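Structure first, then comments.
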Ligand SMILES: *Cc1c(COP(=O)(O)O)cnc(C)c1O
């Protein structure tokens, strides 16, 4: 699996740390040893997982002669923040289409990521109702910009296509290299599962290198069966793009849907517990929408003895902490 065959911009120059979480593990009864992969510390404004995907997606945009990036996300989208961040660095225009999945949740003067969209000088944002045809909206905008002489390139929500997911295949290889250097054995990996590129890329990277490390995805919006199908389909497409001869078996994709609560981006008690516990034991900030719910899943799996005693479990911290500042009332 040779990833140098694909154009990329080299946004990820160094491996992100893998840290032990001794106090957090102890607070959960000391049954397992939890480690964290700090992708919240990736470069790009305020960090987070989308940088690994955008490394490949924006390279593809530039190869295609684009001078403008269009993407979409929820009203507090980390993906939109990071796409804008890298567009700024590349001196490209960036337009965002925001989906108001929770009616009334968009606030023009909102905090968190929404504030950062304005601060980094987004070219335009437009807000559409939940359930809108986001690709259709982005294509409409692209046509308009083409009429103005621009060369727009559309990055799908979460940069979750086979191009973007390649960034998380690279992450799986990075993790294995770090495990080797540190002489660290990992028994199990837990990742958030949203638009699916992160989960799919990790599965392809682990399976494709015969790592023998099972990966569990914690859903942030969808039901188990639907999410597993989406992740598996993207994993197959990504594996094909990489020229893997073997298909990814469906049983490599496992999702848990018990931690979504009332819906995407809506707070849950187990999320607030997870965010507070990690902050108060290890001073690491999670986020309310993705990593907080994923960590709530990991905590519950530990309590239910899902992992064997003494196992080393690696949690992928995908970032998102700017969104905390849009949820102050939830934590006070
Ligand atoms: C987008 C995002 C995720 C989910 O990653 P996907 O590749 O969309 O599944 C997880 N955590 C944070 C902070 C994110 O912004």
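Residue numbers (our numbering): 129 to 460. All C-beta atoms in this analysis are idealised placements derived from N, C-alpha and C, irrespective of residue type, glycine included. The model shown is predicted, which means the values in this text are computed figures rather than measured ones.
Please go through the same chain and pick out, in chain order, the residues whose beta-carbon is closer than 8 Å to the beta-carbon of residue 171, but skip the five residues on each side of it.
139, 140, 141, 179
For residue 219, three-class secondary structure by DSSP:
coil
Taking only three categories from DSSP, how would you classify residue 334?
helix
Hey, quick one: how far does the beta strand (DSSP E) through residue 185 stretch, first residue to last?
Careful: residue 185 lies outside any beta strand (DSSP E), inside the alpha helix (DSSP H) at 178-191.
Span of the alpha helix (DSSP H) holding residue 354?
352-369
From the DSSP secondary-structure annotation, give me the bridge partner or partners of residue 318.
344, 443
Starting from the C-beta of residue 386, find all residues in its chain whose C-beta is less than 8 Å away, skip the five residues before and the five after it, and write them out in chain order.
425, 428
Could you check the C-alpha separation between residue 257 and residue 204 for me, to the nearest Å?
14 Å
Contact between the stretch 267-276 and the stretch 320-340: three or more CB pairs below 8 Å?
no
Whether or not the stretch 230-242 and the stretch 448-460 are in contact is what I'm after, with contact meaning three or more pairs of Cβ atoms, one per stretch, closer than 8 Å; do they touch?
yes
Taking the beta carbon of residue 390 as the centre, do at least 16 other beta carbons fall within 10 Å, making it buried, or is it exposed?
exposed
Identify whether residue 161 lies in helix, strand or coil by the three-state DSSP scheme.
strand
Contact check, residue 446 vs residue 167 under 8 Å by CB: the rounded distance?
6 Å
If distances are taken between C-alpha atoms only, which option among 250, 325, 278 comes closest to residue 193?
278
Considering only residues of the stretch 253-306, which uninterrupted alpha helix (DSSP H) runs meet the minimum length of 4 residues and lie entirely inside it, listed in chain order?
262-275
Going by beta carbon distance, what residues of the same chain come within less than 6 Å of residue 342, once the five residues before and after it are set aside?
316
At a cut-off of 8 Å, would you count residue 178 as near ligand 1, judging by its Cβ distance to the nearest heavy atom?
yes
Contact test: residue 478 Cβ vs ligand 1 heavy atom, cutoff 8 Å
What the structure shows of the chain is the stretch from 129 to 460, and residue 478 is not part of that stretch, so it cannot be assessed.
Among 360, 231, 352, which one has its Cα closest to the Cα of residue 288?
360
Close-in-space but distant-in-sequence residues of the same chain around residue 249 (CB under 6 Å, 5 per side omitted):
none
Residue nearest to residue 214 in terms of C-alpha spacing, selected from 331, 173, 432:
173
Per DSSP, which one or two residues make a beta bridge with residue 198?
223, 282
Got a sec, what are the start and stop residues for the alpha helix (DSSP H) residue 134 sits in?
Taken as a continuous stretch (DSSP letters only), residue 134 belongs to no alpha helix (DSSP H), as it is neither H nor E.
In the DSSP output, what is residue 382 paired with across the bridge?
344
For ligand 1, any of its heavy atoms closer than 8 Å to the Cβ of residue 418?
yes
Would residue 326 and residue 293 be called neighbours here (beta carbons separated by less than 9 Å)?
yes
Tell me the DSSP secondary structure of residue 422 in three-state form.
helix
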